[in-house]
Amino acid sequence: MPCAALKSKKGIRRARCMKCSKPAPGSSRVWTPCHCSCKSMARRIAFRRSTRRPSTRTGIEPNVTNGFVLETELAVAERAANAAGAAVLSLFRGKFDVREKGKNNPVTSADLEANRIIRECIQQGFPSDGWLSEEDSDNSERLALSRVWVVDPIDGTKEFIEGVPQFAISIALVIDGRPTVAVVFNPAKQRFYKAARGQGAFLNGARIHVTQRAAIDGADLLVSRSEPKRRFQVFVERCAIRPVGSIAYRLAKVAGGDGDGTLTFRTIHEWDICAGVLMVEEAGGKVVDGDGHALNFNRHPAKHKGVVAANPGLTGDLQRLWAAAAARK
1 MPCAALKSKK
11 GIRRARCMKC
21 SKPAPGSSRV
31 WTPCHCSCKS
41 MARRIAFRRS
51 TRRPSTRTGI
61 EPNVTNGFVL
71 ETELAVAERA
81 ANAAGAAVLS
91 LFRGKFDVRE
101 KGKNNPVTSA
111 DLEANRIIRE
121 CIQQGFPSDG
131 WLSEEDSDNS
141 ERLALSRVWV
151 VDPIDGTKEF
161 IEGVPQFAIS
171 IALVIDGRPT
181 VAVVFNPAKQ
191 RFYKAARGQG
201 AFLNGARIHV
211 TQRAAIDGAD
221 LLVSRSEPKR
231 RFQVFVERCA
241 IRPVGSIAYR
251 LAKVAGGDGD
261 GTLTFRTIHE
271 WDICAGVLMV
281 EEAGGKVVDG
291 DGHALNFNRH
301 PAKHKGVVAA
311 NPGLTGDLQR
321 LWAAAAARK
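Everything in the sequence shown is counted per my numbering, starting at 1 for the first residue and increasing by one.
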């Protein structure tokens, strides 16, 4: 339905129409005609979108993928991560409740509060999109949707509980099986990573890239703080091993060149890695599963058999060592 102001100026959304008001100057919201028959205005707006300058707030150029303006999605993801980060940091420095979801699988009141904040932000901005989160029951209806938000409100809950500042809020938008917008935020370290497909990856507003190390010998490898050390023995012989909590955070650090690569032998959930995968790819890196296959998302079950990430020249060697180590058991 066209807005009530259509008669006064056809096709323009007026400020008094609260549902489709014209955005304020500097807003990332997209101004669209409120009546599909207003073709001339639609053409004018399409031209404005194609010629406007990069957003000064996101640092990423407007981009259209599958008909969606990713600048808007990224802005919503940033807003959700910042709001959740403030709540998480407050609880990290104060008191929070802990309970067990399952064996060796804790959840805190901070996880649940961050999940509530993020979901509220995402659903307010994109009510028709699907949702997959560690802290919510999975809904198989997402499998029929092309757009699904994949979220881990706190990746690295054990580190959070222990007071170790190696955890992260992970938010990604998957479009047709591929992560397309991503945010990884460590509020304790104030390290805010973001990426949009085809637009690069950024840390606190500065463009980031993976390292260019080609030789596996001497490579700086980030690994889990809790994964059995025997699995990494083959890497210890050739690499410098550095334990870091949260695989989402490790992937983001590799994207930023703070580590040559990362890997895990565990079967990992999509919400743990989805945002980090895009971060590495947009920083010039490559991510595969333990068998060397490319990763697709929004599938059932929402899991992957191991992960290996590094620059393209190093990923193959790391994956082959991963396979050799996995075969030893």
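Note that CB positions come from ideal geometry on N, CA and C, so glycine has one too. Bear in mind that the values here come from a model prediction, so they are computed numbers and not experimental data.
Item to complete: Put residue 161 into one of helix, strand or coil per three-state DSSP.
Response: In the three-state reduction of the DSSP assignment, residue 161 falls in the helix class, which pools H, G and I.
Worksheet item: Got a sec? Which residues, its chain only, sit under 8 Å from residue 159 by beta carbon, not counting five neighbours each side?
Response: So the qualifying residues of the chain are 165, 166, 167, 225, 245, 246.
Discussion item. Just verifying my parser: in three-state terms, what is the DSSP assignment at residue 106?
Written reply: DSSP places residue 106 within a strand segment (E or B) once states are collapsed to three.
Item to complete: Spell out a yes or no on whether the segment 282 to 302 and the segment 310 to 320 are touching, meaning 3 or more CB-CB pairs, one atom from each, closer than 8 Å.
Response: Short answer: they touch.
Worksheet item: How many whole angstroms separate the CB atoms of residue 321 and residue 254, which I take to be in contact at a CB cut-off of 8 Å?
Response: Cβ-Cβ separation between residue 321 and residue 254: approximately 16 Å, too far for a contact (criterion under 8 Å).
Worksheet item: Does the segment 195 to 205 come within contact of the segment 134 to 152, defined as at least 3 CB pairs closer than 8 Å?
Response: No, the segment 195 to 205 does not touch the segment 134 to 152.
Item to complete: Enumerate in chain order the residues of its own chain whose CB-to-CB distance from residue 266 is below 8 Å, with the five nearest sequence positions on each side excluded.
Response: Non-local beta-carbon contacts of residue 266 in its own chain, meaning distances under 8 Å to residues more than five positions away in sequence, involve 224, 227, 306 in chain order.
Fill in: DSSP state of residue 101 mapped onto helix, strand, coil
DSSP places residue 101 in strand when its eight states are reduced to three.
Discussion item. Going by the DSSP bridge assignment, what does residue 223 pair with across the sheet?
Written reply: Bridge partners of residue 223 according to DSSP: 243.
Fill in: C-alpha gap between residue 183 and residue 280, whole angstroms
Pairing residue 183 with residue 280, the inter-Cα distance amounts to about 12 Å.
Worksheet entry | Run of the beta strand (DSSP E) containing residue 210, from where it starts to where it stops | First-last for residue 210: undefined, no H or E at that position.
Worksheet item: From residue 153 to residue 161, what distance separates their C-alpha atoms?
Response: Whole-angstrom Cα-Cα distance: 14 Å.
Discussion item. Less than 8 Å between the C-beta atoms of residue 203 and residue 262, yes or no?
Written reply: Against a cut-off of 8 Å, the Cβ pair of residue 262 and residue 203 comes out as no contact.
Practice prompt. If I'm right that residue 251 touches residue 309 with Cβ under 8 Å, what's the distance once you round it to whole angstroms?
Written response: Residue 251 to residue 309, Cβ: 6 Å. Contact.
Discussion item. Counting C-beta neighbours from all protein chains within 10 Å, is the total for residue 214 16 or more, i.e. buried, or is it exposed?
Written reply: Residue environment: residue 214 is assigned as exposed (fewer than 16 neighbouring CB atoms within 10 Å of its CB, all protein chains considered).
Worksheet item: What residues match up with residue 397 in a beta bridge as DSSP calls it?
Response: The structure shown has nothing for residue 397, since the chain only spans 1 to 329.
Fill in: Best match in 120, 123, 92 for proximity to residue 108 [C-alpha to C-alpha]
Closest option to residue 108, Cα to Cα, is 92.
Worksheet item: Taking the Cβ atom as the reference point for each residue, do residue 86 and residue 185 lie within a distance shorter than 8 Å?
Response: No, Cβ-Cβ distance for residue 86 and residue 185 is not below 8 Å.
Worksheet item: Taking the C-alpha atoms as reference points, what is the distance between residue 174 and residue 128?
Response: For residue 174 and residue 128, the distance between alpha carbons rounds to 13 Å.
Fill in: Span of the beta strand (DSSP E) around residue 276
It is not in any beta strand (DSSP E) - residue 276 instead sits in the alpha helix (DSSP H) that spans 270 to 282.
Worksheet entry | Residues near residue 134 by beta carbon distance below 6 Å, same chain, minus five either side | Cβ within range, chain order: 152, 271.
Item to complete: Determine the direct distance from the alpha carbon of residue 149 to that of residue 31, and round the result to whole angstroms.
Response: Confidence at residue 31 is low in this model, with a pLDDT of 41, below 50, so the placement of that residue should be treated as unreliable; the coordinate-derived value is given next. Each residue's Cα considered, the two are about 23 Å apart.
Worksheet item: Looking only at C-alpha atoms, which of 258, 296, 172 sits nearest to residue 74?
Response: Of 258, 296, 172, the smallest CA-CA separation from residue 74 is found for 172.
Discussion item. Quick check: the Cα distance between residue 212 and residue 239, rounded to an integer number of angstroms?
Written reply: In this structure, the alpha-carbon of residue 212 lies about 15 Å from that of residue 239.
Worksheet item: If residue 131 and residue 119 are in contact, beta carbons under 8 Å, what's the gap, nearest whole angstrom?
Response: Going by Cβ atoms, the distance from residue 131 to residue 119 rounds to 7 Å, so yes, they are a contact pair.
Item to complete: Just tell me which of 298, 327, 323, 319 has its CA closest to the CA of residue 141.
Response: Nearest of 298, 327, 323, 319 to residue 141, Cα basis: 298.
Discussion item. Which complete beta strand (DSSP E) runs does the segment 124 to 176 hold, if anything under 3 residues is left out?
Written reply: Qualifying beta strand (DSSP E) stretches, in chain order: 130 to 133, 147 to 155, 168 to 175.
Worksheet item: What is the DSSP secondary structure of residue 95, counted as helix, strand or coil?
Response: Three-state result, residue 95: coil.
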